[in-house]
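Count along the sequence shown from 1, add 91, and you get the number used in this note's numbering. Where is the CB? At the ideal position from N, CA and C, for every residue including glycine. Heads up, the thing below is written out as C-alpha cells.
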Amino acid sequence: MASPARNPEIRKDAVTSRWVIFSPARARRPSDFKAKTSTNSNQNQECPFCVGHEHECAPEIFRVPPDSTSDWTIRVIENLYPALSRDLEPTLLQNPNPESDCGDLVLSGFGFHDVVIESPFHPVHLYDLSAEGVGDVILAYKKRIEQLALHQSIKYIQVFKNHGASAGASMSHSHSQIMAVPIIPPMVSTRLNSMKEYFEQTGKCSLCEIRSKDLLIDESTHFISIVPFAATFPFEIWIIPRDHSSHFHEIDSEKALDLGGLLKLMLRKISLQLNNPPFNFMIHTSPLQLSNSQLSYTHWYLQIIPQLTTVAGFEIGTGCYINPVLPEDAAKVLREVKVPM
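What follows is the structure, encoded as C-alpha cells:
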C-alpha cells in the first residue's frame, strides 16, 4: 500500500536566516538520490599537483613535513590564477561615480588566494586518507590562517573545497583552497546577525543548542554531524564543534584528528550513498576581529553540500531554495550507510 503524500513545509534556519521550501512530492525516495555521474578520475596527464611536478606550480608557501629533503604529504602554494592579488596595496580607491550618492565603493583587489594540495598522488581523494591524514590537512588550514591573520587588512578567511568539475574544481587532483579578503562578506554578516538575534532572544548560542536525534548522523568526542533543520540542499551536512568556539583556527591537534575522522566518515557516506557526487565543503568561521560580546554567540562549523540539484530561477530570484528531501529523511538515510573499515 502506497504511503500518503507528505505535505510541503517552509522552514527558517536560525543560523543563516534563510527560508527553505521542502517539497517531498518533487522527490523520489530519499534513498534513491544518486549523482548522475561519478566524479572518480584517475587521469593525471601532466598534473602539476603531482609529486615530481612541483616546479610547474606557483610558489610554495609551506609543506608538510617542513623538511624540503623529505617526501611531502601536503603542500600549500599560491594559486596560479588568483582571484585577488597579494601584491596590491589594500586601499579604498576613488568613488567610481563621484556625481552619484548611490553608495558605490571600490577597493583595490588586495587579498590572498592559496591552494592546499592534500596528497602527492593523483588518484588519492581526501576521504581516502587516514583520519590522521585528514587531520593533518585541517592543521595545514589552521597554520595558513594564523599566517594570514597577521595582515591587519584581512578581515575574513574562507577555507573551501570543490570536488568535481560541476562543483567548480578546475583540477581533478585532490585539493582545497583558502581565500583571505579585506571585507566581511554579506553572507557572513547575515549569519552573525542571525546568531546574534537568537542569542538576544534566548541567551544561548544557536549551534550549541542543536541536539535533535532526528537530525543527527554521527558524533565523535568533540564534534557532531547533522543534517540542518532547514537544509538548503538535499543531504547537506554540518559538522559542529560540541564546545563553543568562534574561530576555526582555535582548533588544537587532538580536535583536528577527531574532526579528521568525522569528516572522512561523512565524505565516505555521501560517496557510497550518492555515487561519489560532486560536492563543496566550506568552513564557516567568524571574522578575525570580534568583540567580547560577539564571541558569546558566534560558533564555527563545517558545511558539506553534495551537488545533486540545480539552482534555478526561483532560487536565484528570491534567495529561497527548494529542497525535495526533508532533513529528517536525509539524516536517517545517512545514519544507515555502512562504511567499510
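Item, Value
"Under the three-state DSSP convention, the category Gln268 falls into", "strand"
"Where Phe405 falls: helix, strand or coil (DSSP)", "helix"
"Simplified DSSP assignment, three categories, for His390", "coil"
"Cut-off 7 Å between Cβ atoms - residues of its own chain near Glu180, not counting five sequence neighbours on either side", "Ser199 and Phe201"
"7 Å Cβ cutoff met for Met357 and Ser316", "yes"
"Three or more C-beta pairs below 8 Å linking the segment 379-397 and the segment 405-421", "no"
"Contact belief for Phe340 with Lys252 at Cβ below 8 Å, rounded distance in angstroms", "One detail in the question is off: residue 340 reads as His in this sequence, not Phe. Between Lys252 and His340 the Cβ distance is about 17 Å, and since that is not below 8 Å, they are no contact."
"Backbone secondary structure at Ser108 - three-state DSSP", "coil"
"Three-way DSSP call (helix, strand, coil) for Lys125 in this model", "coil"
"Whole-angstrom C-beta distance between Ser108 and Ser285, which should lie under 8 Å", "4 Å"
"Simplified DSSP assignment, three categories, for Lys103", "strand"
"Cβ-based burial, Ile367 [other Cβ within 10 Å; buried from 16]", "This sequence places Asn at residue 367; Ile is not what is there. Looking at its Cβ environment, which holds 16 or more other Cβ atoms inside 10 Å, Asn367 is buried."
"Beta-carbon proximity check, Thr312 vs Asp349, cutoff 7 Å", "yes"
"Where His446 sits in the DSSP three-state scheme", "Outside the displayed span of the chain (92 to 432) sits residue 446, for which this structure offers no information."
"Short Cβ contact (7 Å threshold) for Gly351 with Ile229", "yes"
"Three-state secondary structure (DSSP) of Val430", "coil"
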